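All remarks here apply to the structure that follows.
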Amino acid sequence: MPFLPLFPLNLVAFPGEALNLHIFEPRYIQLISECITEDKPFGIPVYLPNHVMDYGTSVKIIQQSRLYDDGRMDIKTQGLTVFRITSFENPVQDKLYAGGEVEFLKETTNPIIISGLLERLKELYQYLQLSFEFDHTPSNFSFQIGHKIGLSVAEEYQLIQIPSETARQEFILRHLNRVMPIMDELERTKERIRLNGHFKNFDPLDF
96 MPFLPLFPLN
106 LVAFPGEALN
116 LHIFEPRYIQ
126 LISECITEDK
136 PFGIPVYLPN
146 HVMDYGTSVK
156 IIQQSRLYDD
166 GRMDIKTQGL
176 TVFRITSFEN
186 PVQDKLYAGG
196 EVEFLKETTN
206 PIIISGLLER
216 LKELYQYLQL
226 SFEFDHTPSN
236 FSFQIGHKIG
246 LSVAEEYQLI
256 QIPSETARQE
266 FILRHLNRVM
276 PIMDELERTK
286 ERIRLNGHFK
296 NFDPLDF
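The opening residue of the sequence shown carries number 96 in this note's numbering; numbering runs sequentially from there.
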């Protein structure tokens, strides 16, 4: 099994995602410096409260944007493939950073964008008064929108564990179907609050 140096973070990196990082801890300065020198990827496993989780995403370094005099650096990375950690070593022998053997997840379906998902997304973005602009590429659509629909880190972590694009989109659609009625009710509540204290013109009642 392949071995990856690991950089746990309290976030979910999605395949295809551009992620900019400021590197300042000595162990990660060492990790990133080696990856740049050897032109190799590293892994970002998800860190949820007090625990490095089993799943994460491998990333490649696209650019070292800035190197500071004290060794700190700014880097640009891009997500590659979801993995599951099969063995974890902290720290790796003779290194400051952690690492582990990993198993890369493989897609299990030929993806399409499922019925109803785009409509729900448009409703959400209309509600938020944001422009709706996505590349409708079925192969990674769930990862394109994963950070942009209000999922918690724990929910995003659930998302990357699903090995089927179709199933991930179904997960997202269930989330949207669950939250949109709540947002509608919040809007009605805000309207009732705005009306409170104003003179009201009631329609006559026929009784």
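Heads up, the beta-carbon is just placed ideally off N, CA and C, and yes, glycines get one too. Keep in mind the model is a prediction, meaning the values are calculated, not measured.
query, result
"Excluding the 5 residues flanking Glu198 on each side, which residues of the same chain have their C-beta closer than 7 Å to its C-beta?", "Met96, Phe178, Arg179 and Thr181"
"To which residues of the same chain is Leu227 closer than 8 Å at the C-beta, ignoring the five residues directly before and after it?", "The question names Leu, but residue 227 in the sequence shown is Phe. Correct list, in chain order: Leu216, Lys217, Tyr220 and Gln221."
"Take Phe229 and list the residues in its own chain whose beta-carbon comes closer than 7 Å to its own, dropping the five residues that flank it on each side.", "Gln239 and Ile240"
"Once DSSP output is grouped into helix, strand and coil, what is the label at Phe229?", "coil"
"If you measure between the beta carbons of Thr152 and Gly174, is that distance less than 7 Å?", "yes"
"Would you say Ile209 and Gln253 are within 7 Å of each other, going by their C-beta atoms?", "no"
"Quick check on Asn115: buried or exposed, where buried means 16 or more other Cβ atoms within 10 Å of its Cβ?", "exposed"
"Can you tell which of Ser234, Asp279 and Leu162 has the C-alpha that lies nearest to the C-alpha of Thr176?", "Ser234"
"Quick one: what's Met168 bridged to in DSSP?", "Ile118 and Leu162"
"In the DSSP assignment, what residue or residues form a beta bridge with Gly151?", "Pro140 and Phe178"
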